[in-house]
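Here's the structure, in structure tokens; my notes come after.
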Amino acid sequence: MQEFVGNCKACKKQIFCNDGFINGVVLDDKTLICFDCHDKPQEPIEPDER
Ligand SMILES: [Zn+2]
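Count along the sequence shown from 1, then add 26; that gives the number in my numbering.
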């Protein structure tokens, strides 16, 4: 059973809940972000250039 939860705040992809498992992460401000965007943050705070 699949239930629509919301859209990823980064890429706007639809995030669903499968049998209690959400295909993403709920942030503290209750916004949703998919695992893809969660794995690769779009705003690197410490640029690693040397
Ligand atoms: Zn995303």
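Quick reminder that beta carbons are idealized off the backbone N, C-alpha and C, glycines included. All of these numbers come straight from a predicted model, not from anything done at the bench.
For residue i, the residue or residues it bridges with in DSSP
i          : result
residue 50 : 60
residue 34 : 58
CB contact flag (residue i, residue j, <8 Å)
i          : j          : result
residue 37 : residue 49 : no
C-alpha distance - residue i paired with residue j, whole-angstrom precision
i          : j          : result
residue 32 : residue 47 : 13 Å
residue 45 : residue 66 : 26 Å
residue 64 : residue 51 : 7 Å
residue 35 : residue 55 : 11 Å
residue 39 : residue 30 : 11 Å
Cβ-heavy atom distance, residue i to ligand 3, below 7 Å
i          : result
residue 37 : Within the structure as shown, ligand 3 is missing, the only ligands being ligand 1.
Please write down, chain order preserved, every residue whose beta carbon lies under 7 Å from a heavy atom of ligand 1.
34, 36, 37, 39, 59, 60, 62, 63
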